[in-house]
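Using UniProt numbering, you'd call the opening residue of the sequence shown number 1 and step up by one each time. Virtual Cβ for every residue (Gly too), placed ideally from N, Cα, C.
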Amino acid sequence: MRKVQEELEIVVGKDNLVEESHIQKLPYLQAVMKETLRLHPTLPLLVPHCPSETTNIGGYTIPEGSRVFINV
1 MRKVQEELEI
11 VVGKDNLVEE
21 SHIQKLPYLQ
31 AVMKETLRLH
41 PTLPLLVPHC
51 PSETTNIGGY
61 TIPEGSRVFI
71 NV
């Protein structure tokens with residue numbers, strides 16, 4: 001986080017608020033935000049599905065009628 005703080009201090013300054021015009025000048029902050037959203041997406045799951053019969057996928061048994069959530 002120190003690297004993000006340093007980048008913000010250089011581009012924005014200590015006592016200023018981040019404005020939209022600063023975003024393109026903050027590549028490390030952009031990378032941190034993208035990585036955070038990759039690891040913890042705000043909308044991670046599609047509509048749940050229920051298999052009509054028991055099946056095996058990738059070595060896992062999915063029982064009939066169980067709720068399956070697909071991660072986007």
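Sorted by chain position, which residues of the same chain lie with C-beta nearer than 7 Å to residue i's C-beta, five sequence neighbours on each side aside?
i, result
"residue 77", "In the structure displayed, the chain extends from 1 to 72; residue 77 sits before or after that span and is not available."
"VAL32", "VAL4"
"GLU7", "LEU26, TYR28 and LEU29"
Am I right that residue i and residue j are in contact with their C-beta atoms under 8 Å? What's the rounded C-beta distance?
i, j, result
"LYS25", "VAL47", "So it is not a contact: roughly 39 Å between Cβ atoms."
Taking residue i as the reference, which of the options has the closest Cα?
i, options, result
"HIS49", "LEU39, GLU7 and ARG67", "ARG67"
Following the continuous alpha helix (DSSP H) through residue i, name the residue where it begins and the one where it ends.
i, result
"THR36", "27-39"
"ILE23", "Run containing ILE23: none; DSSP gives neither H nor E here."
"GLU7", "2-11"
From what residue to what residue does the beta strand (DSSP E) around residue i run?
i, result
"ILE70", "Unbroken run through ILE70: none, as it is neither H nor E."
"THR61", "60-62"
"ASN56", "55-57"
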